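Numbering (the numbering used here), first residue to last: 49 to 622. Just so it is clear, CB atoms sit at the ideal spot from N, CA and C, and this is done for glycine as well. Every value quoted in this text rests on a predicted model; they were computed, and no experiment measured them.
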């Protein structure tokens, strides 16, 4: 199909939409039987996906009837109309503009053939700009003339960040990439925001992790809003460079940030519509702030899981969770047992092996393994090679609701398994138990449901397959002794260190201690998919007014933080 044909199909569908108005029968003829409508808190109160023609029409018709969405049209200088393959389906797609009650919307429309012409398979709606938005916050003077007697930019920044005479409107707990990007987006919405983090320095959540750590997907998909990575950065950015970049980002984007600050909890004053939040900076007495909103950005995987391993108390060496493992160097020539076969378990094992330690991994449950190149990167294919601008690529990614996403991921995962077959066969021969994700959908949905359970192979899997790193199943350990572990077949694994690469608890695990049981019960699930086919309570309104969550991969944070910031800004008075 030519571009002209794609344009004609989109134009014809839009004409039919205008003619249909809000009549359900007419609208039904515009949508495929398996249609999906994903709305990012534009026409509905929260992020939500509706699937099936009847459900889509029932949900969309009221918005059209009320004039909340109208005048859909091709967006100039945006992606499409174009032909593409999405989740194995040939579609015609385009980015649209539309008018809505709260401002200007943007949409993605994907058409497939129907009995009477093209019908909509996927519709995404999002608010691009909204009426009543404040001017962005910046300490920089807007004009060219200068008052030499006035405070300069550095003076203004220091005063803004001190919060000596005011409280922030939004308090963000957690200063990793999720908290920092949320704050930058809130600044753009004119919302006074403070980030607090217990670390001594911005970026320490990366800087202080194990020596060999680097991002496992390429920088193209990890770009942060407003400030691109320098072109000189390597494809897979090492931890210390990421840490320093976050520090630079905070400075350049004028993010108010308090290091060495503990958030110990908050109580909601519903009548006033604020939180009474207690924070303690190092060397200072506790301070109670009254922000209207709190964003928890303490990572999807924030609290270490330290399981009760029967008999481990009989081990005479050192036991440390992977979050506390800093360097393999002290363990050169010594035996180490690493419990867990996720990303941290593999990376730490490889680091130990490289430093001359004798490493044995303990597998507790099957894990997904995929080569970091090319297989793991196949899922980020939209970010590589020539194509639309990043804003359009992000929108196209968002316009793949859960059902079609599973279809797409299943196809990609099957392709990656075939590419990786020699490695996978070698792992199975070494006794490694493999997993391929829910219904063979690969690693991304494992991340979105449980935050882990997979490994991008950067060499450790090869060491397991070649038996250079040992592997035993947890069920084969009969007991623990002062000098290591004893197996059921009588063999002993000598070790002086046990590393528990046993994962982390999710965001919701923090809620009872920080906000109380009632708030935790009201919020419920955080992360994992909910009944609306969205990640539960992430980047959108929660059942607890004034409490929000952000986290996830760099790409997710980039795509969703502007929506989070806009919803918070809209919820502020006046």
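Problem - Residues of its chain near residue 184, where Cβ-Cβ distance is below 8 Å and the 5 sequence neighbours each way are ignored - result: Within the chain shown, the letter at position 136 stands for residue 184. Closer than 8 Å at Cβ, skipping near neighbours: 235, 236, 237, 238.
Practice task
Go through the stretch 386 to 463 residue by residue and report every complete run of the beta strand (DSSP E) that reaches 3 residues or more, in order.
Solution key: Along the stretch 386 to 463, the beta strand (DSSP E) occurs as fully enclosed runs of 3 or more residues at 406 to 411, 416 to 419, listed in sequence order.
Practice task
Alpha carbon to alpha carbon, how far is residue 97 from residue 52? Give it in angstroms, no decimals.
Solution key: Working through the chain shown from its first residue, we reach residue 52 at position 4. Working through the chain shown from its first residue, we reach residue 97 at position 49. Between residue 52 and residue 97, the C-alpha separation is close to 31 Å.
Exercise for the section: Give the range of the alpha helix (DSSP H) segment to which residue 293 is assigned. Expected result: Here residue 293 refers to the residue found at position 245 of the chain shown. Looking at the DSSP string, the run of the alpha helix (DSSP H) that includes residue 293 is 287 to 300.
Handout entry: CA nearest to the CA of residue 359, picked from 527, 426, 609
Key = In the chain shown, the residue the question calls residue 359 occupies position 311. Taking only the C-alpha atoms, the option nearest residue 359 is 527.
Handout entry: Endpoints, the beta strand (DSSP E) within which residue 587 is located
Key = On the chain shown, position 539 is the one that residue 587 refers to. Element bounds for residue 587: n/a, residue is neither H nor E.
Exercise for the section: Starting from the C-beta of residue 164, find all residues in its chain whose C-beta is less than 8 Å away, skip the five residues before and the five after it, and write them out in chain order. Expected result: Locating residue 164 in the chain shown gives position 116, counting from the first residue. The answer, listed in chain order, is 77.
Exercise for the section: Could you tell me the distance, in whole angstroms, from the CA atom of residue 498 to the CA atom of residue 600? Expected result: Position 450 of the chain shown, counted from the start, is the residue given in the question as residue 498. Position 552 of the chain shown, counted from the start, is the residue given in the question as residue 600. So the alpha carbons of these two residues sit roughly 11 Å apart.
Handout entry: Reduced DSSP secondary structure (H/G/I, E/B, other) of residue 575
Key = Counted from its first residue, the chain shown places residue 575 at position 527. Three-state result, residue 575: coil.
Exercise for the section: Could you work out which residue in 543, 322, 461, 419 is closest to residue 621 when comparing CA atoms only? Expected result: Translated into the one-based positions of the chain shown, residue 621 becomes position 573. Comparing Cα positions, the closest option is 322.
Practice task
Taking all protein chains shown into account, decide if residue 614 is buried (16 or more other Cβ within 10 angstroms of its Cβ) or exposed.
Solution key: Locating residue 614 in the chain shown gives position 566, counting from the first residue. Counting Cβ neighbours within 10 Å, residue 614 comes out buried, since at least 16 surround it.
Problem - Cβ-based neighbour list, residue 604, same chain, cut-off 7 Å, excluding 5 preceding and 5 following - result: Numbered from 1 along the chain shown, position 556 holds the residue referred to as residue 604. Once the five neighbours on either side are set aside, residue 604 has no close Cβ partner at all.
Exercise for the section: Could you tell me whether the stretch 314 to 330 touches the stretch 199 to 213, where touching means 3 or more Cβ pairs closer than 8 Å? Expected result: Touching, no, given that fewer than three Cβ pairs across the two stretches are closer than 8 Å.
Handout entry: Span of the alpha helix (DSSP H) around residue 495
Key = Taking the first residue of the chain shown as position 1, residue 495 is located at position 447. Unbroken alpha helix (DSSP H) run through residue 495: 491 to 498.
Practice task
Answer yes or no: do residue 483 and residue 414 have a C-beta to C-beta separation smaller than 9 Å?
Solution key: Mapped onto the chain shown, residue 483 falls at position 435. Mapped onto the chain shown, residue 414 falls at position 366. Closer than 9 Å, so yes.
Problem - Test item: CB-CB of residue 344 and residue 597 under 9 Å - result: To locate residue 344, count along the chain shown from 1; it is residue 296. To locate residue 597, count along the chain shown from 1; it is residue 549. Their beta carbons are under 9 Å apart, which means residue 344 touches residue 597 by this criterion.
Handout entry: Meets three-Cβ-pair contact criterion under 8 Å: the stretch 153 to 163 and the stretch 187 to 206
Key = A contact between stretches requires three or more CB pairs, one per stretch, nearer than 8 Å, and the stretch 153 to 163 fails this requirement with the stretch 187 to 206.
Handout entry: Pairwise C-alpha distance: residue 507 and residue 264
Key = Translated into the one-based positions of the chain shown, residue 264 becomes position 216. Translated into the one-based positions of the chain shown, residue 507 becomes position 459. Computed Cα separation, rounded: 12 Å.
Exercise for the section: Check residue 256 in the structure and name its three-state DSSP category. Expected result: As a first step, residue 256 must be located in the chain shown, where it is residue number 208. DSSP places residue 256 outside both helix and strand once states are collapsed to three, so it counts as coil.
Problem - Contacts around residue 180, its chain only, beta-carbon distance under 6 Å, and the 5 residues preceding and following it disregarded - result: The residue given as residue 180 occupies position 132 in the chain shown. Closer than 6 Å at Cβ, skipping near neighbours: no residue.
Practice task
Going by CA-CA distance only, name the one from 160, 176, 59 that's closest to residue 89.
Solution key: By one-based count along the chain shown, residue 89 stands at place 41. Answer by Cα proximity: 176.
Problem - Backbone secondary structure at residue 377 - three-state DSSP - result: For the purposes of this step, residue 377 is identified with residue 329 of the chain shown, where counting begins at 1. Three-state DSSP puts residue 377 in a helix.
Exercise for the section: Report yes or no: is there a C-beta of chain D within less than 9 Å of the C-beta of residue 538? Expected result: Among the protein chains of the structure shown there is no chain D, as only one such chain exists.
Handout entry: Ordered list of beta strand (DSSP E) runs contained in the stretch 129 to 175, each at least 3 residues
Key = 130 to 134, 137 to 148, 151 to 160
Exercise for the section: Have a look at residue 254 and residue 406 and give me their C-alpha separation to the nearest angstrom. Expected result: Indexing the chain shown from 1 puts residue 254 at position 206. Indexing the chain shown from 1 puts residue 406 at position 358. Taking the straight line joining both Cα atoms gives about 26 Å.
Exercise for the section: Taking residue 446 and residue 607 to be in contact with their CB atoms under 8 Å, please state how far apart those CB atoms are, rounded to whole angstroms. Expected result: By one-based count along the chain shown, residue 446 stands at place 398. By one-based count along the chain shown, residue 607 stands at place 559. Confirmed, about 6 Å.
Practice task
Determine contact between the stretch 461 to 480 and the stretch 108 to 115, defined as no fewer than three beta-carbon pairs at a distance below 8 Å.
Solution key: Look at the beta carbons and you see the stretch 461 to 480 not touching the stretch 108 to 115: under three pairs across the two are nearer than 8 Å.
Exercise for the section: Let me know the alpha helix (DSSP H) ranges lying completely inside the stretch 52 to 98, each 4 residues or longer, listed in chain order. Expected result: 72 to 76
Practice task
Assign residue 588 to one of two classes, buried (16 or more other C-beta atoms within 10 Å of its C-beta) or exposed (fewer than that).
Solution key: As a working mapping, residue 588 is identified with position 540 in the chain shown. Looking at its Cβ environment, which holds 16 or more other Cβ atoms inside 10 Å, residue 588 is buried.
Practice task
Tell me whether residue 624 is buried or exposed, calling it buried when 16 or more other Cβ atoms sit within 10 Å of its Cβ.
Solution key: Because the chain spans 49 through 622 in this model, residue 624 falls outside it and cannot be assessed.
Exercise for the section: Can you give me the Cβ contacts of residue 524 inside the same chain, cut-off strictly under 7 Å, excluding the 5 residues immediately before and after it? Expected result: Numbered from 1 along the chain shown, position 476 holds the residue referred to as residue 524. The answer, listed in chain order, is 535, 536.
Exercise for the section: Could you tell me which of 593, 618, 457, 397 sits nearest to residue 518, measuring between CA atoms? Expected result: Your numbering for residue 518 matches position 470 in the chain shown. The option with the nearest alpha carbon to residue 518 is 397.
Practice task
Would you kindly report the start and end of the unbroken beta strand (DSSP E) that includes residue 341?
Solution key: Residue mapping note: residue 341 aligns to position 293 of the chain shown, counting from 1. Taken as a continuous stretch (DSSP letters only), the beta strand (DSSP E) holding residue 341 covers 341 to 344.
Exercise for the section: Under 8 Å by Cβ, that's how I've got residue 425 and residue 389 pegged, so tell me the actual separation to the nearest angstrom. Expected result: Residue 425 sits at position 377 when you count from the first residue of the chain shown. Residue 389 sits at position 341 when you count from the first residue of the chain shown. Actually they do not touch by this definition, with Cβ atoms about 21 Å apart.
Handout entry: Beta-carbon gap between residue 109 and residue 168 smaller than 9 Å
Key = Along the chain shown, read from residue 1 onward, the residue named residue 109 stands at position 61. Along the chain shown, read from residue 1 onward, the residue named residue 168 stands at position 120. No, the Cβ-Cβ distance between residue 109 and residue 168 is not below 9 Å.
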